[in-house]
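One structure is given below, encoded as structure tokens.
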DNA sequence: TCTGAAAAGCGCTCACA
DNA sequence: TGTGAGCGCTTTTCAGA
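Residue numbers (full-length UniProt numbering), protein chains in the order written: chain A, 1 to 149; chain B, 1 to 149.
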């Protein structure tokens with residue numbers, strides 16, 4: 001994982017549909033060499049998959065909220081319970097008073113309320129504190145340049 | 001945006017490198033028709049871009065934290081100040097006592113501390129409350145099937 | 001809006017350095 | 001780990017329905 005690899009990752013994050021010739025030119029390599037490096041980045045798992053970025057508002061996810069989930073028992077193996085709710089995009093075990101932090105997207109605040117009800121129904125959950133987002137400044141992928149430290 | 005479009009989006013999220021022939025077969029259309037639908041999804045902005053999913057841990061982002069940022073003044077036009085910090089992956093204006101919620105990834109907790117210092121230096125910021133993630137259950141893209149309501 | 005086919009471009013693999 | 005070239009497949013386009 002050198003500077004060239006990080007630059008390749010940055011360019012692929014911006015546009016994964018570009019040709020290997022263009023990608024190679026951006027880092028001063030031939031198309032074949034760029035292809036080989038990207039193949040290895042996939043092999044190592046640094047690149048997980050090629051995907052498309054979907055506008056949340058276009059598919060019924062205009063309302064964004066973060067929910068602190070309090071519990072009375074250990075939530076360490078409740079991943080599936082949260083994953084079963086399609087509106088829950090992220091679920092993390094956190095340090096602090098609450099035990100799980102989840103990111104939720106719904107079309108309306110009524111649907112958000114329904115998701116909170118379904119979270120509350122999960123075994124061990126004793127309460128929820130929802131924080132509704134009024135405006136999103138930006139959402140962006142992790143910068144490979146952080147690795148340059 | 002009908003059922004076919006939502007299915008196309010779901011398949012593209014899973015693998016944007018597959019052929020239009022395979023994509024069309026998944027929804028019962030010819031490659032040409034699938035191509036035309038995807039082209040329109042891009043045109044409308046439902047698909048923002050084709051990208052790669054990068055493993056955060058592979059590029060110096062192993063530590064994840066959410067930070068509530070309190071302020072003494074209106075933070076509505078401080079988007080650039082947060083965007084200038086590469087470790088800040090998301091920044092949202094929120095309802096509630098704090099005024100901005102940010103998602104941060106760093107390699108170490110020492111670097112997280114440094115990011116908090118730089119956030120504190122932003123004009124109007126009066127305090128930060130960081131919540132460190134101990135374990136991530138999952139992080140996934142918005143489900144196009146939400147739109148089926 | 002779809003199908004089917006033709007043309008142009010690219011991915012992938014190879015021999016070689 | 002790199003280059004450059006070839007074959008084969010895919011993207012992209014278009015006429016027709």
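Where a beta carbon is used, it is the ideal one built from N, C-alpha and C, also for glycine.
Between the alpha carbons of residue 48 (chain B) and residue 81 (chain B) lies a gap of roughly 24 angstroms.
For residue 80 (chain A), the enclosing alpha helix (DSSP H) begins and ends at 79-83.
Taking C-beta atoms under 8 angstroms as the contact rule, residue 76 (chain A) and residue 93 (chain A) qualify, at a distance of about 6 angstroms.
Between the stretch 131-145 of chain B and the stretch 136-147 of chain A there are fewer than three C-beta pairs closer than 8 angstroms, too few to call the two in contact.
Each of A:66, A:1, A:23, A:119 was checked against the Cα of residue 43 (chain A), and the nearest Cα belongs to A:1. In this structure, the alpha-carbon of residue 60 (chain A) lies about 43 angstroms from that of residue 30 (chain A). For the C-beta of residue 47 (chain A), the chain B residues within less than 9 angstroms are, from N- to C-terminus, 52, 53, 54, 55, 58. Rounded to the nearest whole angstrom, the CA to CA distance from residue 130 (chain B) to residue 91 (chain B) is 14 angstroms. Under the DSSP assignment, residue 135 (chain B) falls in the beta strand (DSSP E) whose first and last residues are 125-139. The beta carbon of residue 133 (chain A) falls within 9 angstroms of a beta carbon belonging to chain B, placing the residue at that interface. Residues are counted here when their Cβ sits less than 9 angstroms from a Cβ of chain B; for the stretch 86-102 of chain A these are 86, 87, 88, 89, 90, 91, 92, 93, 94, 95, 96, 98, 100, 101, 102, given in chain order. Going by DSSP, residue 34 (chain A) is part of the alpha helix (DSSP H) stretching over 31-44. Close partners of residue 15 (chain B) in chain A (Cβ separation under 8 angstroms): 49, 50, 51.
Taking a 10 Å sphere around the C-beta of residue 24 (chain A), we find 16 or more other C-beta atoms and assign the residue as buried. The beta carbon of residue 99 (chain A) sits closer than 6 angstroms to those of 71, 75, all from its chain and outside the five residues before and after it, given in chain order. CA-CA distance, residue 133 (chain B) to residue 133 (chain A), rounds to 20 angstroms. Following the DSSP letters along the chain, one finds residue 7 (chain B) inside the alpha helix (DSSP H) bounded by residues 3-14.
Collapsing the DSSP output to three states places residue 108 (chain B) in coil. Following the DSSP letters along the chain, one finds residue 21 (chain B) inside the alpha helix (DSSP H) bounded by residues 20-27. Residues 20, 23, 24 of the same chain have their beta carbon placed closer than 6 angstroms to that of residue 34 (chain A), with the five preceding and five following residues left out of the count. With its beta carbon at least 9 angstroms from every one in chain A, residue 128 (chain B) lies outside the interface.
Within chain A, the residues 54, 56, 59, 61, 89, 105 have their CB atoms less than 7 angstroms from the CB of residue 142 (chain B), given in chain order.
In chain order, 124 place their CB closer than 6 angstroms to the CB of residue 73 (chain B), counting only its own chain and leaving out the 5 sequence neighbours on each side. Under the 10 Å beta carbon count, residue 120 (chain A) is surrounded by fewer than 16 other beta carbons and is classified as exposed. Residue 53 (chain A): member of the beta strand (DSSP E) spanning 47-54, first to last residue. At a beta-carbon threshold of 9 angstroms, the residues of chain B lying near residue 83 (chain A) are 137, 138, 140, ordered along the chain.
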